[in-house]
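The structure is reproduced here in structure tokens:
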């Protein structure tokens, strides 16, 4: 084993919170597949990157797994048909992120037959080159299922020197989310095999599966799967403390290795790469069975859900359909959240569809969302500093953003805020700190874009001036050339006239003689 992961010691990280968990609320039923919705709304971009080109037309019949958009480079991930049916059109449809946004969306009307397109597994993957596996995963539409939706191929490719460990993150630190736990319970072998596939693609020698210390059944299932695959020497299972936000990429790395990812660096700088356990299972499905990523487990839970559970939902399924499959709403629901209560996003409507990164739909009631205290001035108690896992100075950032000193806030590493919500949770003044940080980061992003646009406009202006100056110089040169040519012509004409006069004189003088 590598020195980067010595023994079985689990390290701590700065800050964090111990939260009351409600995961078992949704774990009383096995994972089930809800009925087909009337329509699926497949966003054309469900990852960090650009949107692919549409490959289908209105009225066209498609098969399950058929590519709907065209893949470009590693940052353009293709989307596939979750079931067979007819393309009703391509429209602008509401999306969860950013809040209030619209996204180009393919509307698919299922035919109820679920007829698959021909599958193309990657046989003998152990003998394949890494780039062959990465290309196959890219074609299969893989993006991170942990929530960030970073393109899987872009994270795997790059030829990182010294990469030795692939970490599979199964630590769901949000209080209500249980989709990864249920996945590892029911498909432990697929998770382990998918981890081995991803490790082979990344060039990593070992796989470490990180789970929470309260997941006893999950640990048992993973150990059984590891033994069945004969992977005891390559795969390690590590239980980390259930402290929020331990499931963050940088926090899980620090917990397992005791080392921090550099401020301006990447996990690969430490010789590790992190993927979600759901991504591992999807990689196994793509490589072994030839199934593209068209479905995922979604936790439908919260005090506002009648019968919480985990559902295997097709990408594009409206959240309202999942809520109905979980018994519908209870009375008094005031807020619907995508994700967990700490770092999730409030949904304006339950008609927003499932994407590859949709891990949980949380319905909260007035009891959980009603403000208990008015917002008061900051008292500099330092509680926010104590719990900040990114080692920032939240109270200083708050004051700078409140005063609109965004550049100064950037100097205090505002961009490093992971928006986990720990600071707001412990603030005795009930200040919505994360809202201020999000606003500050958005403002910095806007200013960067403005500077980029200004720089681009300047370059365009300078290029135009250079072009105009070249054209002016070319015109001057042509004019000067014409003038010189004209002068040469006049000089030559005068010379010829003079020569003719001289000849006439000589002739006349000769005649007189």
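Numbering (the UniProt record's numbering), first residue to last: 1 to 513.
Built from N, CA and C at the ideal position, the CB exists for glycine as well.
Where does the unbroken beta strand (DSSP E) through residue i begin, and where does it stop?
i	result
residue 209	206-212
residue 419	Unbroken run through residue 419: none, as it is neither H nor E.
residue 336	333-338
residue 103	102-110
residue 256	From DSSP, residue 256 is part of no beta strand (DSSP E) but of the alpha helix (DSSP H) over 249-257.
residue 169	165-169
Less than 8 Å between C-beta atoms, sequence neighbours within five positions excluded: which residues of the same chain meet that for residue i?
i	result
residue 226	192, 232, 235 and 237
residue 514	What is shown of the chain runs 1 to 513, which leaves residue 514 out entirely.
residue 339	147, 174, 177, 345, 359, 360 and 362
residue 377	429
residue 51	44, 45, 69, 76 and 104
residue 60	86 and 87
residue 228	189
residue 333	304, 363, 364 and 365
residue 84	61, 62, 63, 64, 110, 111, 113, 114, 115 and 116
Residues in its own chain within less than 6 Å of residue i by CB, not counting five upstream and five downstream?
i	result
residue 146	276
residue 82	40, 294, 314, 315 and 316
residue 3	Residue confidence is low: residue 3 scores 46 on pLDDT, short of 50, so the model does not pin down where it sits. No coordinate-derived value is stated.
residue 330	304 and 306
residue 6	In this predicted model, residue 6 has a pLDDT of only 44, less than 50, meaning its place in the structure is not dependable enough to derive any value.
residue 126	none
residue 502	none
residue 397	409, 412 and 414
Between which two residues does the alpha helix (DSSP H) carrying residue i extend?
i	result
residue 115	Here residue 115 belongs to no alpha helix (DSSP H), and DSSP marks it neither H nor E.
residue 196	188-202
residue 363	Residue 363 -> not in any alpha helix (DSSP H); beta strand (DSSP E) instead, spanning 360-365.
residue 242	Per DSSP, residue 242 belongs to no alpha helix (DSSP H) and is neither H nor E.
residue 222	216-228
residue 322	319-325
Enumerate in chain order the residues of its own chain whose CB-to-CB distance from residue i is below 7 Å, with the five nearest sequence positions on each side excluded.
i	result
residue 171	210, 211, 212, 240, 246, 247 and 252
residue 349	94
residue 96	338, 345, 347 and 352
residue 384	394, 395, 423, 426, 427 and 433
residue 185	217, 218 and 221
residue 281	183, 187, 190, 191 and 194
residue 66	80, 81 and 117
residue 1	Bear in mind that a pLDDT of 41 at residue 1, under 50, signals an unreliable position, so the number given afterwards is only what the model happens to contain. Excluding sequence neighbours, residue 1 sits near 206.
residue 19	175 and 244
residue 130	200, 201 and 203
residue 271	4, 162, 163, 164 and 165
residue 57	87
Going by other Cβ atoms of all chains shown within 10 Å of its Cβ, with 16 needed for buried, is residue i buried or exposed?
i	result
residue 491	exposed
residue 140	buried
residue 285	buried
residue 16	buried
residue 265	exposed
residue 309	buried
residue 495	exposed
residue 257	buried
residue 380	exposed
residue 499	exposed
residue 102	exposed
residue 437	buried
residue 382	exposed
residue 497	exposed
residue 162	exposed
residue 461	exposed
residue 477	exposed
residue 296	buried
residue 508	exposed
residue 64	buried
residue 181	buried
Inside the segment 265-317 only - beta strand (DSSP E) runs reaching at least 3 residues: 272-276, 295-301 and 309-314
Stretch pair the segment 292-307 + the segment 84-99: three plus CB contacts closer than 8 Å: no
Validate contact between the segment 322-338 and the segment 360-374 using beta carbons, cut 8 Å, 3 pairs: yes
Any 3 or more C-beta pairs closer than 8 Å across the segment 176-191 and the segment 155-163: no
contact_flag[the segment 115-124, the segment 288-296] where n(CB pairs < 8 Å) is 3 or more: yes
Runs of beta strand (DSSP E) lying entirely within the segment 26-91, each at least 3 residues, in chain order: 40-43
Within the segment 382-469, ranges of the alpha helix (DSSP H) (whole runs, at least 4 residues): 383-387, 394-402, 406-411 and 422-426
Those runs of the alpha helix (DSSP H) which lie wholly inside the segment 114-151 and span at least 4 residues: Runs found: 130-139.
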